[in-house]
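Residue numbers (this note's numbering): 1043 to 1279. C-beta atoms are modelled at their ideal positions from N, C-alpha and C, and glycine is treated no differently. Quick caveat, the model's predicted, so the values are computed rather than measured. Following: one structure in structure tokens, then a few remarks.
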């Protein structure tokens, strides 16, 4: 996996619109579970690729440091050989002095080569460092989004189930007008009221008959009293 591919993949996943994906899902719970699995797998793959990229960058940095150190070392050797040549030449040992001057030139050539290699690696190191920084940032965003997704999973699933239950309830409410069980209760209540009214009528009739009997008894009592008084009047005369 090239660094461009890794960087593009990480950026794509870090910018993924979870809400848009959920809006298109027929089953939000399955969609969330699958999204968590995919994200976890993608993060694992990206981490391996980023680790490889970071490892390559560290190797480049080590090589660069070795080239810089080598350039300094060869510079020191060139200086030492040149001084030795000057000392030998001062004592008339021209041939030996030339040998050390030649060694100084070889050391300088090695120094120059090491400096060129170090300088050539610097743009690559800078570029790779920028890529690694972006990859790390992208991975951090992915991990943050995954954490958020996991923490919100139960809430989103609960909301989806609640919405589904509400829709089911509303569908049932709409059907009440078509088949209302309370209409049967109303008819039964009317029947009960008619029976109650009938009982009240019978009770009223019974009460009227009883009153008439008591009135008849009262009138009989009055007649007996009158006959008794009449008999008393005649006896007195």
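Alpha carbon to alpha carbon, what distance is there between residue j and residue i?
{"i": "residue 1069", "j": "residue 1105", "result": "53 Å"}
{"i": "residue 1198", "j": "residue 1184", "result": "19 Å"}
{"i": "residue 1196", "j": "residue 1078", "result": "12 Å"}
{"i": "residue 1178", "j": "residue 1097", "result": "13 Å"}
{"i": "residue 1190", "j": "residue 1172", "result": "27 Å"}
{"i": "residue 1192", "j": "residue 1076", "result": "12 Å"}
{"i": "residue 1176", "j": "residue 1081", "result": "18 Å"}
{"i": "residue 1233", "j": "residue 1251", "result": "27 Å"}
{"i": "residue 1239", "j": "residue 1246", "result": "10 Å"}
{"i": "residue 1211", "j": "residue 1200", "result": "16 Å"}
{"i": "residue 1114", "j": "residue 1133", "result": "29 Å"}
{"i": "residue 1084", "j": "residue 1095", "result": "16 Å"}
{"i": "residue 1137", "j": "residue 1148", "result": "17 Å"}
{"i": "residue 1268", "j": "residue 1236", "result": "49 Å"}
{"i": "residue 1090", "j": "residue 1167", "result": "20 Å"}
{"i": "residue 1142", "j": "residue 1157", "result": "22 Å"}
{"i": "residue 1274", "j": "residue 1249", "result": "38 Å"}
{"i": "residue 1229", "j": "residue 1194", "result": "52 Å"}
{"i": "residue 1242", "j": "residue 1231", "result": "16 Å"}
{"i": "residue 1272", "j": "residue 1278", "result": "10 Å"}
{"i": "residue 1135", "j": "residue 1093", "result": "58 Å"}
{"i": "residue 1187", "j": "residue 1155", "result": "48 Å"}
{"i": "residue 1165", "j": "residue 1086", "result": "29 Å"}
Using a threshold of 8 Å, state whether the C-beta atoms of residue i and residue j are closer than that.
{"i": "residue 1112", "j": "residue 1150", "result": "no"}
{"i": "residue 1153", "j": "residue 1117", "result": "yes"}
{"i": "residue 1123", "j": "residue 1131", "result": "no"}
{"i": "residue 1099", "j": "residue 1174", "result": "yes"}
{"i": "residue 1202", "j": "residue 1071", "result": "yes"}
{"i": "residue 1160", "j": "residue 1128", "result": "no"}
Taking the alpha-carbon of residue i as reference, which of the options has the nearest alpha-carbon?
{"i": "residue 1169", "options": "1123, 1186, 1103 and 1146", "result": "1103"}
{"i": "residue 1145", "options": "1125, 1085, 1087 and 1249", "result": "1125"}
{"i": "residue 1101", "options": "1087, 1244 and 1163", "result": "1163"}
{"i": "residue 1088", "options": "1155, 1182 and 1271", "result": "1182"}
With respect to 7 Å, is the separation between the Cβ of residue i and the closest non-hydrogen atom of the ligand PLP below this value?
{"i": "residue 1152", "result": "Only the bare structure without any ligand can be found here, which leaves the ligand PLP out of the picture."}
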